[in-house]
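Participant: For reference, the structure I am asking about is given below.
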Amino acid sequence: MKTDVQIAQEAEMKKLIDIAKELNLTEDDLDLYGKYKAKLKLDNISQNKENSKLILVTSINPTPAGEGKTTVTIGLSMALNKLGKKSIAALREPSLGPSFGIKGGAAGGGYSQVVPMEDINMHFTGDFHAITSAHNLISAMLDNHIHHGNKLGIDTRNIVWKRVLDMNDRALRNIVIGLGGKTNGVPREDGFDITVASEIMAILCLSNSLKDFKDRVANILIAYDYDKNPIYVRDIKAEGAVTLLMKDAIYPNLVQTLENTPAIIHGGPFANIAHGCNSIMATKTAMSLSEYTVTEAGFGADLGAEKFFNIKCRKGELKPDCVVVVATIRALKHHGSCPKEKLNEENLEALEKGFENLKRHILNVKKFKLPVVVAINRFTSDTDKEIELLEKLVANLDTKVVMCDVWAKGSLGGIDLAKEVISTIDKNTSNFTPLYDENLSIKEKIDILVKEIYGGNKAVYSKKAEKKILELERLNLDKMPICMAKTQYSFSDDPSLIAAPVDFDINIKDLRVSAGAGFIVIITGNIMTMPGLPKVPAANNIDILDNGEIIGLF
Numbered sequence: 293m294k295t296d297v298q299i300a301q302e303a304e305m306k307k308l309i310d311i312a313k314e315l316n317l318t319e320d321d322l323d324l325y326g327k328y329k330a331k332l333k334l335d336n337i338s339q340n341k342e343n344s345k346l347i348l349v350t351s352i353n354p355t356p357a358g359e360g361k362t363t364v365t366i367g368l369s370m371a372l373n374k375l376g377k378k379s380i381a382a383l384r385e386p387s388l389g390p391s392f393g394i395k396g397g398a399a400g401g402g403y404s405q406v407v408p409m410e411d412i413n414m415h416f417t418g419d420f421h422a423i424t425s426a427h428n429l430i431s432a433m434l435d436n437h438i439h440h441g442n443k444l445g446i447d448t449r450n451i452v453w454k455r456v457l458d459m460n461d462r463a464l465r466n467i468v469i470g471l472g473g474k475t476n477g478v479p480r481e482d483g484f485d486i487t488v489a490s491e492i493m494a495i496l497c498l499s500n501s502l503k504d505f506k507d508r509v510a511n512i513l514i515a516y517d518y519d520k521n522p523i524y525v526r527d528i529k530a531e532g533a534v535t536l537l538m539k540d541a542i543y544p545n546l547v548q549t550l551e552n553t554p555a556i557i558h559g560g561p562f563a564n565i566a567h568g569c570n571s572i573m574a575t576k577t578a579m580s581l582s583e584y585t586v587t588e589a590g591f592g593a594d595l596g597a598e599k600f601f602n603i604k605c606r607k608g609e610l611k612p613d614c615v616v617v618v619a620t621i622r623a624l625k626h627h628g629s630c631p632k633e634k635l636n637e638e639n640l641e642a643l644e645k646g647f648e649n650l651k652r653h654i655l656n657v658k659k660f661k662l663p664v665v666v667a668i669n670r671f672t673s674d675t676d677k678e679i680e681l682l683e684k685l686v687a688n689l690d691t692k693v694v695m696c697d698v699w700a701k702g703s704l705g706g707i708d709l710a711k712e713v714i715s716t717i718d719k720n721t722s723n724f725t726p727l728y729d730e731n732l733s734i735k736e737k738i739d740i741l742v743k744e745i746y747g748g749n750k751a752v753y754s755k756k757a758e759k760k761i762l763e764l765e766r767l768n769l770d771k772m773p774i775c776m777a778k779t780q781y782s783f784s785d786d787p788s789l790i791a792a793p794v795d796f797d798i799n800i801k802d803l804r805v806s807a808g809a810g811f812i813v814i815i816t817g818n819i820m821t822m823p824g825l826p827k828v829p830a831a832n833n834i835d836i837l838d839n840g841e842i843i844g845l846f
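Residues 293 to 846 in the working numbering are what the sequence shown lists, from first letter to last.
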C-alpha cells in the first residue's frame, strides 16, 4: 500500500496559472511561489460571495481510530467538481509542531489530498514564519521599552504577552529571560506558546483587510502598568512594523488537489486552544470564485464548528448553507468503549452506545438552524449489519447518512455525498443563527455552551478565573464571543469521558482576552498552549534521501 507522501509525489499537477485560468483569474492576480503555489492578490479579486454556497465539514470527537475530516473536505470538493459544479476547498495550513509530533500533517490523505503535500506540510509560503516573527517583534519591543526606562510603567509581574514558536517544545513553556547583567535586559518570567495559539494567527484569520489587520494588532492587550491599567500594542508603537512583516502572509494561498481541483489554504489556529478555522479572507475569496465552497473546522463540532459559527461567521458575516459531520464506524465503536485491538470486529452494542457522541453533535449543529448530512468514512472492516444499524439510528434524527471512500477512490468515492449535499442545500434555506448574543455576560455565554453544546451541568470557576472576569468587566472587554480552550477528546474537560457524558461540570481555570482578535479565551482542564513531543515523535521517521525524495510524512 502506498503512503500518502508517495501518492502525492506521483500526482500529475497542473501549473497553477492554468488552475487560476479555470477560476477566471490571470497571472496578474497571482504572486507565484514556483509552479504550484501562489498568493492571491485580493486587491484584484472580487469579494462578492452572494452566489456561492458555503459547506462546513466537521466531525465527532476525535479518536485513535481516526475520522478523516480534512480528507472528506477535499474529497467532497473534488466530487462536486466531478458532478460539473464549480467548487473550491478552503483549508487551514498545517503546523510544524504536530507534523513532527504525533498528529502528522494536515493535507488530507490517500487519494484525497492537496498538493504539493510536502511543501504544504513544511514551510509552504512562509506564513507561519511571518506570524512567529511578527508576534516575537512585539515581545522584543516590549522588553526593549522596559530596558530603556519603562516610560509606560509596565509591571513586569503582569505581562500577558508570551513569545511563540511553531514547534512542540515543552522546555520553553516557562522560562526566565533577561539574565546575564544590565546589558541583557530586565530579568523576568516568560514563556512560549506554539505559533498556532498566537493572537497574531487569530487576527490573521479574522481580518477582512490589511487595514483591519493593523487596527486589530494595535488593540492587542500585552501587559498592565503598576496601576493595573492595560497596555496595548499601540502604546509601544509596534502595529506598523508588525503589519509590514505580514504584508505577504495576509494573502491566501492557492494550490490544487490530486485531481486538480482548486484549494485555498490560509491560516491555521488550533481548535482546542484557539478558534480552529482558516481565514475569513480565504473563505470569502473561495466563495467569490466558486459555486460551492467546502471548508473545515478543527477537531470535533463541539470545538471547531461551534467556534466557526459563533466567532468566524459572526466576524466575517458568513452564512453557512450545510454542515457535514464526519465519523467512522470504528471511531463510534471506540466511543462505545470497544478496545482498540477489537475495532475491526463487528460490535453492534458498542456502535449503538458510541452513536450517542454523533447524535449529540448532530443535534448541536441543528441548534444553529442548519441542515446536516452525516458522512461515514468507510473501512473494509465495516459490516453490513453495522452500516444498517447506523443508517437507522441517524434516520431517527431526520438526517441523511452517506457512506464515502474518498481516501481510496478520490472524487469517485465522494459522489454520493456530493449529491446528497447538493440535494440538502436545494431543499433547505439556511436560517443560520449564532447560539448566543455576544453582549451577554461572560458567565452567561459560558453557561450556554456548557449546557447547550457540551451537555454539562454548570461551569465551576477558580479564584483566578473569577478575578479575571471582574477585571475584563472593569475594562469593558467582556462583550465579545468566547473561545473555549478545552480537550478535543470529550464534550467535557476530562479527555477520558468519551461518547456523550452527562452529569459533569466544566472547570474554568483561567481567562485570556484576545482584544485584537475580538474574543475571550476560556481555559479549562489541563490545556497546554505549548505542546510537547511524544516519546517517539513522527520526526524520527521523517527524512530526505540523497536523491531528494521525502519519506515519512503523513
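Don't be surprised by glycine CBs; every beta carbon is placed ideally from N, CA and C. As the structure is a prediction and not an experimental result, all values here were calculated from the model.
Among Lys750, Lys692, Ile814, Gly559, whose alpha-carbon lies nearest the alpha-carbon of Asn570?
Facilitator: Selected option, being the one with the closest Cα: Gly559.
Participant: Helix, strand or coil, according to DSSP, for Lys659 in the structure here?
Facilitator: Of the three classes helix, strand and coil, the one that applies to Lys659 here is coil, per DSSP.
Participant: What is the DSSP secondary structure of Thr575, counted as helix, strand or coil?
Facilitator: Note: Thr575 maps to helix in three-state DSSP.
Participant: In the structure shown, what three-state DSSP assignment does Met695 receive?
Facilitator: Strand, per DSSP.
Participant: Between the Cα of Thr816 and those of Ile565, Lys576, Met822, Leu581, spot the shortest distance and give me the residue it belongs to.
Facilitator: It is Ile565.
Participant: Where do the ends of the alpha helix (DSSP H) carrying Ala510 lie?
Facilitator: Its alpha helix (DSSP H) spans residues 502-510.
Participant: Kindly indicate which residue of Leu546, Asn428, Ile394, Thr725 has the alpha-carbon position closest to the one of Asn833.
Facilitator: Minimum Cα distance to Asn833 is reached at Ile394.
Participant: Based on the DSSP secondary-structure assignment, which residues constitute the bridge partners of Asp802?
Facilitator: Bridge partners of Asp802: Ile815.
Participant: Look up Met370 in the DSSP assignment and say whether it is helix, strand or coil.
Facilitator: Reduced to three states, the DSSP call for Met370 is helix.
Participant: Name the DSSP bridge partner or partners of Phe484?
Facilitator: In DSSP, Phe484 forms a bridge with Arg455.
Participant: Are the stretch 628-646 and the stretch 783-792 in contact at 8 Å, needing three or more beta carbon pairs?
Facilitator: They touch, by the three-pair rule.
Participant: Asn859 lies in the alpha helix (DSSP H); which residues open and close that run?
Facilitator: Residue 859 lies beyond the stretch modelled for the chain, which goes from 293 to 846, so this question has no answer here.
Participant: Taking Lys529 as the reference, give the member of Leu513, Lys520, Ala541, Lys539 with the closest Cα.
Facilitator: Per the Cα distances, Leu513.
Participant: Roughly how many whole angstroms lie between the Cα atoms of His439 and Ile451?
Facilitator: Computed Cα separation, rounded: 14 Å.
Participant: In angstroms with no decimal places, state the Cα-to-Cα distance between Asn460 and Lys661.
Facilitator: About 38 Å.
Participant: Where does Thr620 land, buried or exposed, given buried means 16+ other C-beta within 10 angstroms?
Facilitator: By the 10 Å Cβ count, Thr620 comes out buried.
Participant: For Pro390, name the three-state secondary structure that DSSP assigns.
Facilitator: The answer is helix: DSSP assigns Pro390 an H, G or I state.
Participant: Alpha carbon to alpha carbon, how far is Pro354 from Leu762?
Facilitator: Rounded to the nearest angstrom, the two C-alpha atoms are 35 Å apart.
Participant: In three-state DSSP terms, what is Gln405?
Facilitator: Correct three-state label for Gln405: strand.
Participant: From Gln301 to Tyr728, what distance separates their C-alpha atoms?
Facilitator: Using only the alpha carbons, I get a separation of about 46 Å.
Participant: Among residues of its own chain, excluding the 5 on either side of Tyr516, which ones have a beta-carbon nearer than 7 Å to its beta-carbon?
Facilitator: Taken in chain order, the residues that qualify are Asp447, Asn450, Pro522, Ile523.
Participant: Three or more C-beta pairs closer than 8 Å, one from the stretch 456-471 and one from the stretch 481-494: is that the case here?
Facilitator: Because the criterion of three Cβ pairs below 8 Å is met, the stretch 456-471 and the stretch 481-494 touch.
Participant: Which residues does DSSP pair with Met776 in a beta bridge?
Facilitator: According to DSSP, which records beta bridges pairwise, Met776 is partnered with Ile814.
Participant: Once DSSP output is grouped into helix, strand and coil, what is the label at Gln339?
Facilitator: Coil.
Participant: May I have the straight-line CA-CA distance separating Gly445 from Ala371, to the nearest angstrom?
Facilitator: Distance between the alpha carbons of Gly445 and Ala371: 59 Å.
Participant: Let me check understanding here. Comparing Cα to Cα, which of Leu741, Lys611, Leu324, Glu841 lies closest to Tyr584?
Facilitator: If we check each option's Cα against that of Tyr584, Lys611 comes out closest.
Participant: Inspect the CB distances between the stretch 585-604 and the stretch 691-709 and report whether three or more fall short of 8 Å.
Facilitator: Too few Cβ pairs lie closer than 8 Å, so no.
Participant: Considering Asp517, what are the terminal residues of the beta strand (DSSP E) in which it resides?
Facilitator: Where Asp517 is concerned, the enclosing beta strand (DSSP E) stretches over 513-517.
Participant: Let me make sure I understand the geometry here. Which of Glu551, Leu388, Glu736, Ser391 has the alpha-carbon closest to that of Gly402?
Facilitator: Gly402 has its Cα closest to that of Glu551, out of Glu551, Leu388, Glu736, Ser391.
Participant: Quick one, which of Asp676, Thr672, Ser673, Glu683 has its alpha-carbon nearest Leu650's?
Facilitator: Among Asp676, Thr672, Ser673, Glu683, the Cα nearest to that of Leu650 belongs to Glu683.
Participant: Can a CB atom of chain B be found closer than 8 Å to the CB of Phe420?
Facilitator: No chain B appears in the structure shown, which is made up of a single protein chain.
Participant: Take the Cβ of Tyr543 as the centre, count every other Cβ of all protein chains shown within 10 Å, and call the residue buried at 16 or more, exposed below.
Facilitator: Counting Cβ neighbours within 10 Å, Tyr543 comes out buried, since at least 16 surround it.
Participant: Secondary structure at Asp797, three-state DSSP: helix, strand or coil?
Facilitator: DSSP places Asp797 in strand when its eight states are reduced to three.
Participant: What distance in whole Å lies between the Cβ atoms of Met493 and Pro561, which are believed to be in contact at a cut-off of 8 Å?
Facilitator: Their Cβ separation, rounded to whole angstroms, is 5 Å, which keeps Pro561 and Met493 in contact under 8 Å.
Participant: What runs of the alpha helix (DSSP H), each 4 residues or longer, lie entirely inside the stretch 587-653?
Facilitator: Here the runs fully enclosed are 605-608, 621-627.
Participant: Between the C-alpha atoms of Asp676 and Asp708, what's the straight-line distance to the nearest angstrom?
Facilitator: The alpha-carbon atoms of Asp676 and Asp708 are separated by roughly 18 Å.
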